[in-house]
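*Asks:*
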Amino acid sequence: MSGLLPGFADPVADAQSAFRAVLEAVARPGRVQRLPRSPAPPAPLSPAAGAVLLALVDAETPLWLDAGVTAAEWAVFHAGCPLVAAPGDAAFVLATGAPPALAVLDPGTDEEPQRAATLILQVATLEEGHGWHLAGPGIEREHRLRVAGAPDGFVDAWAASRARFPLGVDVVLCAGDRIAALPRSVTIREG
Amino acid sequence: MSGYNFAYLDEATKRMIRRALLKAVAVPGHQVPFGSREMPLPYGWGTGGIQVTASVIGAEDTLKVIDQGADDTTNAVSIRRFFARVAPGLATTERTAEATVIQTRHRIPETPLREGQVLVYQVPQPEPLFRLEPRRSETRRLHALADYGLMQVKLYEDIARHGRVGSSYDHPVMVNGRYLMSPSPIPSFDNPKMHRSPALQLFGAGRERRLYAVPPYTEVRSLDFEDHPFVPLRARGRCSLCGAGDSYLDEVVTDDRGGRLFVCSDTDFCGERQAMREAAE
C-alpha cells in the first residue's frame, strides 16, 4: 500500500461536482460531460472512472472491477467497498477492458428495477455530434454519440437489454476526464 | 453554521440519495425507496425535497425556494435560509430565470424552465394509487405490471358523478408511457408544464421515504379519456396586481362583505410583470 495514490482533493465538493456531471449525463443521454475535479487514480483507471467510482461507490455497494490489484486496492481504500468475484453480484461493475456481457449483470426485478447494476465502462474516446443515434427520455429529438473502443456487438446487446425495460443495466462511459451515460431507457441505432 | 457538513447531510447519506436519484432518472416515474433521515424540521415541511436538494447542490449553484408559488412564505423563507446557513458559498435568489436549482412546494413556476435547471418537488404522498389501494406491497405489484385499471375506474366514476374528470390538483400522470405517477399536489393547471420540460424534475417524499424523477423532454400525459379530455383548471379572472390573464391565481378575501380579488400565485412572475409595467409608464 506504500504507493497508494490520493482520492479526491476536496472530498465533499469534488464528489458533488462529479455526481452532478453523472446526473446531467444520465438525464441527457449522449451529451458528453467533463469532470475537471477528478482524482488521478492508478492505471489503467481514467480520471473520470475514478471520479465516478469515488462519488457513488461505498460500503453498501459491492464492486466488481477488472483493473488489477493496484486499482482494486485504491478503490477499496478510498471507497471502502466490498469486492465481489462475479460481476452478477455487483452493484457497480467497472470495466477497463472487454466488459462482462450485459446479460450477466443484475437487471433488478419487476418490482424493484432500481436494484439493477451500474456499469462504468472505460472507452477510448467520446464525441458528440456523430456516430450512434440515441433516442428516449432526456433527449429532445435525437442525440448523436461516437464511442471509440466500445465492446464488439454492444449495440445488439443493448437492444436485447432495452427490450427488458424497466429492467436493465445503466452504463456510464468514461474516457479521460469525460463521461457520457446510457441509462436503460435509451435506444441506440448504429449510424 | 459551523459543525455541519456542507448542505447538512453527511457524505454517506448523500451518496445513498445520489445513487437512488440516478436510478430514478433511469426509470422515469418509478418510485425508488431511500433511507430518509431525520431533518431539523418536521415531516410535512418538505424534508424529502430538502434531502434531494442537499444531495444535488454545490457551492456554484443558485437556489430558489417556493411555497405555493411564493418566495416569501414561511416554508420557503425558512428552507432558503437553512441552505444559506449550511451551504457556504451557495447563492439564493427569488428570480426563476437566475436559479439553477428550484425547490418547490405545490407549484411549477410560470416562467418557462430551461436546460440546466433542476426542479425539486416536495411530495407528501408519492403513491398515486394510495387512496385506491392502501397496501404498499400491492401497489408495488400494480406498478410492476403497469396495471392502472383502478385509477381509470376512479376517473370514470368522477365523470359519472360530476360530469368531468374531477381532480383540481394532484391529477395523476403517465410518465414515458410506462409508470403512473403523482405530480405532487400541484394544481392541474401546472400538469402540462411537466410534459417535455427542458429541465430535470426530481421528487422527494421524506415521510414516505420515496423519490422519483422525470428526465428532460419526457412525455408526461395527464390521465383522461378520449371523450373526456384532461382540462387544466384555472380561476376565471385577471391578477389584480399585474393584470396577467394566463397565470395561476390565488383568491384573496379583502373584507367581510364578500369583497375578493385574484392575484398571481407565482410572486416572482407577478413582481417582474409589475416592474415591467412601471418601467413602461
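So the sequence lines, in the order shown, correspond to chains F and C. Once you know that position 170 of the first sequence is 170 in my numbering, the rest is easy, because the numbers rise by one and skip nothing. So the mapping is simple: my numbering equals the position in the second sequence, first residue as 1, plus 1000. Ideal Cβ positions, reconstructed from N, Cα and C, are used throughout, including at glycine. Keep in mind the model is a prediction, meaning the values are calculated, not measured.
Assuming contact is defined by CB atoms lying nearer than 8 Å, are Asp1071(C) and Arg1105(C) in contact in what I supplied?
*Replies:* Taking the second sequence and counting its residues from 1, the one referred to as residue 1071(C) is at position 71. Taking the second sequence and counting its residues from 1, the one referred to as residue 1105(C) is at position 105. Not a contact, by the Cβ cut-off of 8 Å.
*Asks:* May I ask you to list the residues that DSSP assigns as paired with Arg146(F)?
*Replies:* Here residue 146(F) refers to the residue found at position 146 when the first sequence is read from its first residue. Arg146(F) is bridged to Glu127(F).
*Asks:* In this structure, how does DSSP classify Pro1124(C) when only helix, strand and coil are distinguished?
*Replies:* The sequence position of residue 1124(C) within the second sequence is 124, counting from 1. Three-state DSSP puts Pro1124(C) in coil, outside helix and strand.
*Asks:* Going by beta-carbon coordinates alone, are Asp1250(C) and Phe1262(C) separated by less than 8 Å?
*Replies:* The count along the second sequence starts at 1 and reaches residue 1250(C) at position 250. The count along the second sequence starts at 1 and reaches residue 1262(C) at position 262. Yes, Cβ-Cβ distance for Asp1250(C) and Phe1262(C) is below 8 Å.
*Asks:* According to a CB-to-CB cut-off of less than 9 Å, which residues of the stretch 1215-1233 of chain C neighbour chain F?
*Replies:* Within the stretch 1215-1233 of chain C, the qualifying residues are Pro1215, Pro1216, Tyr1217, Thr1218 and Glu1219.
*Asks:* Over what stretch of residues does the beta strand (DSSP E) that includes Glu1251(C) continue unbroken?
*Replies:* Position 251 of the second sequence, counted from the start, is the residue given in the question as residue 1251(C). From DSSP, the beta strand (DSSP E) with Glu1251(C) extends over Leu1249 to Val1253.
*Asks:* Any beta carbon of chain C sitting closer than 8 Å to that of Pro99(F)?
*Replies:* The count along the first sequence starts at 1 and reaches residue 99(F) at position 99. No, Pro99(F) lies away from the interface with chain C (no Cβ there is under 8 Å from its Cβ).
*Asks:* Mark Leu94(F) as exposed unless 16 or more other C-beta atoms lie within 10 angstroms of its C-beta, in which case mark it buried.
*Replies:* The residue given as residue 94(F) occupies position 94 in the first sequence. By the neighbour-count rule (16 or more Cβ atoms within 10 Å), Leu94(F) is buried.
*Asks:* Please determine, among Met1181(C), Arg1037(C), Thr1267(C) and Pro1124(C), the residue with the shortest C-alpha to C-alpha distance to Glu1219(C).
*Replies:* Position 219 of the second sequence, counting from 1, holds the residue named residue 1219(C). Here the closest residue by C-alpha is Met1181(C).
*Asks:* When you check each C-beta in the stretch 1-23 of chain F against every C-beta of chain C, which residues fall closer than 8 Å?
*Replies:* Taking 8 Å as the Cβ-Cβ cut-off against chain C, the residues of the stretch 1-23 of chain F that qualify are Pro11, Val12, Ala13, Ala15, Gln16, Ser17, Phe19, Arg20, Val22 and Leu23.
*Asks:* Mind listing, in chain order, the continuous beta strand (DSSP E) runs of no fewer than 3 residues lying wholly within the stretch 67-110 of chain F?
*Replies:* Those beta strand (DSSP E) runs which fall completely within the stretch 67-110 of chain F and span 3+ residues are 92-95.
*Asks:* Rounding to the nearest angstrom, what Cα-Cα distance links Pro1128(C) and Glu1281(C) in this structure?
*Replies:* Within the second sequence, residue 1128(C) is the residue found at index 128, counting from 1. Within the second sequence, residue 1281(C) is the residue found at index 281, counting from 1. Using only the alpha carbons, I get a separation of about 48 Å.
*Asks:* Strictly under 8 Å for the Cβ-Cβ distance: is Ala142(F) near chain C by that measure?
*Replies:* For the purposes of this step, residue 142(F) is identified with residue 142 of the first sequence, where counting begins at 1. Note on identity: in this sequence residue 142(F) is Glu, with Ala being the wrong assignment. So no, Glu142(F) is outside the interface.
*Asks:* Nearest-angstrom Cα distance between Val132(F) and Thr118(F)?
*Replies:* Taking the first residue of the first sequence as position 1, residue 132(F) is located at position 132. Taking the first residue of the first sequence as position 1, residue 118(F) is located at position 118. First, the amino acid is wrong: residue 132(F) is Trp here, not Val. Cα to Cα, the separation comes out at about 21 Å.
*Asks:* Roughly how many whole angstroms lie between the Cα atoms of Met1151(C) and Ala86(F)?
*Replies:* As a working note, residue 1151(C) is residue 151 in the second sequence. As a working note, residue 86(F) is residue 86 in the first sequence. Roughly 42 Å between the two C-alpha positions.
*Asks:* Which word fits Pro1088(C), buried or exposed, when buried means at least 16 other C-beta atoms lie within 10 angstroms of its C-beta?
*Replies:* As a first step, residue 1088(C) must be located in the second sequence, where it is residue number 88. It is exposed - the Cβ of Pro1088(C) has fewer than 16 other Cβ atoms within 10 Å.
*Asks:* For a contact defined as C-beta to C-beta under 7 Å, what are the partners of Ala27(F) on chain C?
*Replies:* As a working note, residue 27(F) is residue 27 in the first sequence. Within 7 Å Cβ-Cβ: Val1025, Leu1200, Pro1215 and Pro1216.
*Asks:* Please work out which residues of its chain come closer than 6 Å, Cβ to Cβ, to His1195(C), disregarding the five sequence neighbours upstream and downstream, and give them in chain order.
*Replies:* Translated into positions along the second sequence, residue 1195(C) becomes position 195. Val1220, listed in sequence order.
*Asks:* I'd like the span of the beta strand (DSSP E) that includes Leu1063(C), first residue to last.
*Replies:* As a position in the second sequence, residue 1063(C) is number 63, starting the count at 1. Unbroken beta strand (DSSP E) run through Leu1063(C): Thr1062 to Asp1067.
*Asks:* Establish whether the CB of Arg37(F) and some CB of chain C are separated by less than 8 Å.
*Replies:* Here the question's residue 37(F) lines up with position 37 in the first sequence. Output row for Arg37(F): interface = no.
*Asks:* Quick one: does Arg184(F) have its CB under 8 Å from some CB of chain C?
*Replies:* As a first step, residue 184(F) must be located in the first sequence, where it is residue number 184. True, the Cβ-Cβ gap to chain C drops below 8 Å.
*Asks:* Name the residues in the stretch 154-180 of chain F whose C-beta lies less than 7 Å from a C-beta of chain C; which are they?
*Replies:* From the stretch 154-180 of chain F, only Pro166 and Asp170 have a Cβ closer than 7 Å to chain C.
*Asks:* If you count every other CB in all the chains shown that lies within 10 Å of the CB of Ala1024(C), and 16 or more means buried, which is it?
*Replies:* By one-based count along the second sequence, residue 1024(C) stands at place 24. Ala1024(C) comes out buried.
*Asks:* Could you pull the DSSP bridge partners for Arg184(F) from this structure?
*Replies:* Taking the first sequence and counting its residues from 1, the one referred to as residue 184(F) is at position 184. Arg184(F) is not bridged to any residue.
*Asks:* For Arg20(F) and Asp1010(C), what's the separation of their Cα atoms in angstroms?
*Replies:* For the purposes of this step, residue 20(F) is identified with residue 20 of the first sequence, where counting begins at 1. For the purposes of this step, residue 1010(C) is identified with residue 10 of the second sequence, where counting begins at 1. Approximately 17 Å, taken between the alpha carbons.
*Asks:* Rounded to whole angstroms, what is the Cα-Cα separation between Arg1284(C) and His1030(C)?
*Replies:* Residue 1284(C) is absent from the model: chain C starts at 1001 and stops at 1281.
*Asks:* Which whole runs of the beta strand (DSSP E) in the stretch 1179-1204 of chain C are 3 residues long or more, in chain order?
*Replies:* Taking only runs of at least 3 residues, the beta strand (DSSP E) segments lying wholly in the stretch 1179-1204 of chain C are 1179-1181.
*Asks:* Under 8 Å, Cβ to Cβ, is there at least one residue of chain C near Ile120(F)?
*Replies:* Looking up residue 120(F) in the first sequence gives position 120. Not an interface residue.
*Asks:* For Pro1229(C), count the other beta carbons within 10 Å of its own beta carbon; 16 or more makes it buried, fewer makes it exposed. Which is it?
*Replies:* Looking up residue 1229(C) in the second sequence gives position 229. Label assigned to Pro1229(C): exposed.
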